[in-house]
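2 protein chains.
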Amino acid sequence: MLGLMQGRPLLISTLIEHAAKCHPAAEIVSRTSEGPVHRCTYGDIHRRSKQLANALTALGVSPGDRIASLAWNGFRHMEMYFGVSGTGAVLHTINPRLFPEQIEYIANHAEDQYLFFDLGFLPLIEKLAPALKTIKGFVLMTDRAHMPADGTLDLICYEDLINAHSSDYDWPTFDENTASSLCYTSGTTGNPKGVLYSHRSSLLHAMLTCSVDGLALGTAETALLIVPMFHVNAWGMPYAGAMCGAKLVMPGPALDGASVYALMRDEKVTLALGVPTVWLMLFGHVDANRLVPKTDLVLRRVVIGGSSAPRAMSERFETNFGAFVIHAWGMTEMSPLGTVCNLLPKHRDFTLEQRLDIQAKQGRAVFGVDMCIKDDDGKLLPNDGKAFGHLMVRGPWIVESYYRGEGGEILDADGYFDTGDVATIDPDGYMQITDRSKDVIKSGGEWISSIDLENAAVGHPAVAEAAVIGAAHAKWQERPLMIVVKKANQELSKEDLLKFLDGKIAKWWMPDDVVFVTELPHTATGKLQKMKLREQFKDHRLPTDA
Amino acid sequence: MLGLMQGRPLLISTLIEHAAKCHPAAEIVSRTSEGPVHRCTYGDIHRRSKQLANALTALGVSPGDRIASLAWNGFRHMEMYFGVSGTGAVLHTINPRLFPEQIEYIANHAEDQYLFFDLGFLPLIEKLAPALKTIKGFVLMTDRAHMPADGTLDLICYEDLINAHSSDYDWPTFDENTASSLCYTSGTTGNPKGVLYSHRSSLLHAMLTCSVDGLALGTAETALLIVPMFHVNAWGMPYAGAMCGAKLVMPGPALDGASVYALMRDEKVTLALGVPTVWLMLFGHVDANRLVPKTDLVLRRVVIGGSSAPRAMSERFETNFGAFVIHAWGMTEMSPLGTVCNLLPKHRDFTLEQRLDIQAKQGRAVFGVDMCIKDDDGKLLPNDGKAFGHLMVRGPWIVESYYRGEGGEILDADGYFDTGDVATIDPDGYMQITDRSKDVIKSGGEWISSIDLENAAVGHPAVAEAAVIGAAHAKWQERPLMIVVKKANQELSKEDLLKFLDGKIAKWWMPDDVVFVTELPHTATGKLQKMKLREQFKDHRLPTDA
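What follows is the structure, given as structure tokens:
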């Protein structure tokens, strides 16, 4: 027997309609590629996204067509979030930090029909254009005054495009499982794979983002989106913002410490979201200028994701900024919200030190994310905070398969997606990542975390960067090989380093060898390429291997 | 083109599974019908609701079957929320405050298969049993020790029933639109009508309940559910609690001031939810015992719904309890959450007086509730805070039709449900109810709010209660007739009262006549029955009617 409630679908257009009705005056503030700070409201975004929808229809864009963006965070990009998806077309956000050949690959793979891009990407687009086979038109996201006088490409001006159309537009109603946006992973191996989000997944994800134990986004918040709109929809914040009416602050391309600090101060930012790298630049700016963030800013919370939030970063935000760090974890394949490291009532009386131990974990699953750890045979491991296994997730905003079936069947028999991470989960539900599955070292059937070894090694004052990989071993199958980049003008021997590690790690985790190199290989987005290291050291003979 | 995210359905069973995984130790504290306070956890509820699911299966209960409860708020009732709906059966919560003949009507109308009830309702059930035609078994929600020694009915003991079964149970997976629970309206006219909630509607509703701008329920909260589980699923709180892991405190049948105050104090309640009547009893207890709530309690927020929160009540909670009152509005037909009166950033610097003006409104629509006001011809009226019209709502947790099609087609051409209220909506989205549609007085094409007139009248020290109805008028179609109950031993004339109203209401709203009566008619749940008054005064001749 079915219930008798209204069968209204969860559509992205309902977000901006709700915003226009309930918080039309809440602001979207953007630092633009053109330079100045631009201010508008959800009411404006609503109106202009409908103009865009009419413009796209006039261009012949049909439901399901992919429309690409190559753009920083800003109001026009936000208009595309609603104007493109609202018509039933698919917004394909392209990450400009990918290598040009990867951008070419994914634009062709997605068969993008139009490409919208920011001023700063004009040289890149002019170079790529001949190779982009399916693009019918290039739209420069600026006004007439900033259009280039000449160039190799026939460009459409965004403002001209939308201003030629009325804001009178009725969003179509369709199946909530319809594709809304597309984002390619910046995988460390092989070609990027596309994750195709739906209206339903985006709305459910936004609901949990606005929940108290999610990211607690609300109408009283002013959120600075350092996290880019070209990467997993800026963690879904534009949708969540429209849902609750939070003021959104968009930094454009200026992610340097001075620019970010000024935006935080001028716009009275209460919540900021981004990856650790940006916060290091912010700290650098504060130090260099002897600023007093606690006095200058009203920042209350910082959400850190993308990679692990160092303990020292959480501590500094707390003591120097008066802001609480919320460690969050997710993936492109998860829309991305998986876990959030909020505190429980029992942590209320913890000291700062004790609290930082909790805050270092990746956090607890938000409702909707069903998470577990399994061993190599697919057997469920206990949530005891000790066992570590493959981190598996399932839920309505987690990928079922990649775009065009790349990678084939990706769920296990229980419907779980393998995150590629290895983690522990404690009895309170706090998950902590210990390694990437492919990087964990399997020594005689037991697992050694390469990340834990690397973290221990970089604690040595002479170590700039360290990577640990499994090297072949006749008796143990694999044993840890540590590969180290020394800091400039520092001396360090293998023996010194092993002695330093002694007592900091389990005895049987001690690397069997240490080699020094001048640099480690990284991807375009800065991730360590351990696969390349494994290739490079595949013939390395461990001294312990008889 | 469809998205490629996992098609996992939104099911009530996933709530209790999430709770068992992520916050198994969070507590459910119940004051029982048997007397003592009972403590258990979400882990226990999870285990026992699975035992119940096995027991129901053994009793032959099939998906879609209606299982009735007649019970106060407590852990066993909560087990039914998950154990019954989780199997695909429908939990029919019966309101014990209905007249016995109404209970008989709805149990038969719903064709309930089993009836679970609290100790205190045994005399009522023994009387009703012969008339309940579809009930196959009566389950007394207690343990063996509290089972009656004799009686007219063959009773099943709840604890015996579930303890005969394992907690090993795999929740079935089915369409998220499947019916989950059934609640009949306590309408003022005609037979009660059934609202059939679905798993989907209940989960979406819970997500917004946990949102910051909803009721902001979170894991750090201890929520006292004065709002009964037999009425609109206690505003959906048992579901929302499982979603976020809030500690829930259930008062059982003891809603007197002393009992409620003791629970608040002993369980460190931070959030309490209920109707105004209960809070008046609480104030009475505080006054009679000269208590200091601000010192005794850690209460931070009080959600008031069901009927309008008087301004003085919000003020007293703030000054005397240090608790912020959140005015909320909804209906059985809306699961019930419609609007929540949270404040906007611009209200931060308001004085208490200014804030109370805002807090007196019913609040802003939560995402998912699409709300508007329309005139008699279905024309949209502006959200200007002045125009008042029929309050219309649509959304995924709002009724599409009543159980068994009672009342026929109930949505308008745009899919809106008529709430039966008349309201204004201001430019910030704050809705304020001005009257019930059927009670508004239509004077020469203009509307006069009966509620505003009644509120003005009860401001007179000699007035105990007042009702205003439209009486027939040759020239104006209708004019206001005020019907007043005087306080004991008080003198009051029509002229005195009209003079008192002068200046407090618009001149043309002035009642054309005042009559004094000894009492006004009410429903079983305490609502004023204006229909009866209209019947009673249908031949009343207004002195102004030539």
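If you read the sequences in order, they're chains G and E.
The first sequence begins at -15 in this note's numbering and counts up one residue at a time.
The second sequence begins at -15 in this note's numbering and counts up one residue at a time.
Beta carbons: idealized from backbone N, C-alpha and C, even for Gly.
Output needed for residue i: all residues of its chain with C-beta closer than 6 Å, excluding positions within five of it in sequence on either side, in chain order.
{"i": "G:Asn326", "result": "Asp197"}
{"i": "E:Gly241", "result": "Met265, Leu266, Gly268 and His269"}
{"i": "E:Trp56", "result": "Asp102, Gly236 and Pro237"}
{"i": "E:Gly67", "result": "Ser33, Leu36 and Ala37"}
{"i": "E:Lys488", "result": "Ala440"}
{"i": "E:Leu201", "result": "Thr193, Cys194, Ala224, Cys228 and Ala230"}
Beta carbon of residue i, beta carbon of residue j: below 8 Å?
{"i": "E:Val74", "j": "E:Ala190", "result": "no"}
{"i": "E:Ile29", "j": "E:Glu63", "result": "yes"}
{"i": "E:Phe500", "j": "E:Lys471", "result": "no"}
{"i": "E:Val270", "j": "E:Gly289", "result": "no"}
{"i": "E:Ser17", "j": "E:Leu103", "result": "yes"}
{"i": "G:His61", "j": "G:Thr203", "result": "no"}
{"i": "E:Asn79", "j": "G:Gly(-13)", "result": "no"}
{"i": "E:Arg295", "j": "E:Ala344", "result": "yes"}
{"i": "G:Leu504", "j": "G:Ile467", "result": "yes"}
{"i": "E:Leu517", "j": "E:Asp496", "result": "no"}
What first and last residue would you give for the alpha helix (DSSP H) that runs through residue i?
{"i": "G:Val244", "result": "Gly241 to Asp250"}
{"i": "G:His331", "result": "First-last for G:His331: undefined, no H or E at that position."}
{"i": "G:Leu531", "result": "Lying outside -15 to 530, the shown extent of chain G, residue 531 of chain G is not represented and no answer is given."}
{"i": "G:Leu187", "result": "His183 to Thr193"}
{"i": "E:Tyr223", "result": "Met221 to Cys228"}
With 8 Å as the threshold, decide whether the Cβ of residue i is near any Cβ in chain E.
{"i": "G:Pro222", "result": "no"}
{"i": "G:Asn161", "result": "yes"}
{"i": "G:Gly379", "result": "yes"}
{"i": "G:Gly44", "result": "no"}
{"i": "G:Thr203", "result": "yes"}
{"i": "G:Leu247", "result": "no"}
{"i": "G:Ser53", "result": "no"}
Give the residues of chain G in contact with residue i, contact being defined as C-beta atoms less than 8 Å apart.
{"i": "E:Cys228", "result": "Ser195, Val196, Asp197 and Phe351"}
{"i": "E:Gly399", "result": "Gln(-10) and Arg(-8)"}
What residues in its chain sit with their C-beta under 8 Å from that of residue i, if we drop five residues either side in the sequence?
{"i": "E:Gly135", "result": "Leu106 and Glu110"}
{"i": "E:Asn217", "result": "Tyr65, Thr77, Ser165, Cys167, Tyr181, Ser186, Tyr223 and Ser319"}
{"i": "E:Ala371", "result": "Ile357, Leu365 and Thr408"}
{"i": "E:Glu390", "result": "Asn175, Lys177 and Gly178"}
{"i": "G:Leu139", "result": "Phe122, Val123, Leu124, Met131 and Pro132"}
{"i": "E:Phe308", "result": "Arg284, Arg285, Val286, Phe301 and Glu302"}
{"i": "G:Pro411", "result": "Asn367, Asp368 and Gly369"}
Excluding five sequence neighbours on each side, which residues of the same chain lie with their C-beta closer than 7 Å to the C-beta of residue i?
{"i": "G:Gln346", "result": "His311, Trp313, Thr323, Cys325, Met415, Gln416 and Ile417"}
{"i": "G:His130", "result": "Glu18 and Leu103"}
{"i": "G:Glu393", "result": "none"}
Note down, in chain order, every chain E residue with its Cβ under 8 Å from the Cβ of residue i.
{"i": "G:Glu384", "result": "Leu(-12), Met(-11), Gln(-10) and Gly(-9)"}
{"i": "G:Val74", "result": "Met(-15)"}
Which residues bound the beta strand (DSSP E) around residue i?
{"i": "G:Glu337", "result": "That residue, G:Glu337, is in no beta strand (DSSP E); its alpha helix (DSSP H) goes Leu336 to Gln343."}
{"i": "G:Ile417", "result": "Tyr414 to Arg420"}
{"i": "G:Phe122", "result": "Gly121 to Leu124"}
{"i": "E:Ile87", "result": "Where E:Ile87 is concerned, there is no enclosing beta strand (DSSP E), although the alpha helix (DSSP H) it sits in stretches over Pro84 to Ala94."}
Determine the chain E residues that contact residue i at a beta-carbon separation under 9 Å, and present them in chain order.
{"i": "G:Tyr65", "result": "Residues of chain E passing the Cβ test: none, with the nearest at roughly 15 Å."}
Name, please, each residue of chain G whose Cβ falls closer than 7 Å to the Cβ of residue i.
{"i": "E:Leu192", "result": "Met191"}
{"i": "E:Arg348", "result": "Cys6"}
Anything in chain E within Cβ reach of residue i, meaning under 7 Å, just list it in chain order.
{"i": "G:Lys5", "result": "Gly413"}
{"i": "G:Tyr387", "result": "Leu(-12)"}
{"i": "G:Leu180", "result": "Gly(-13) and Leu(-12)"}
{"i": "G:Ala200", "result": "Val196"}
For residue i, go through chain C and note every residue whose CB falls closer than 8 Å to its CB, in chain order.
{"i": "G:Pro20", "result": "No chain C is present in this structure, whose protein chains are G and E."}
Return no unless some Cβ of chain G is closer than 8 Å to the Cβ of residue i.
{"i": "E:Ser164", "result": "yes"}
{"i": "E:Leu328", "result": "yes"}
{"i": "E:Gly373", "result": "no"}
{"i": "E:Gly48", "result": "yes"}
{"i": "E:His2", "result": "yes"}
{"i": "E:Ser185", "result": "yes"}
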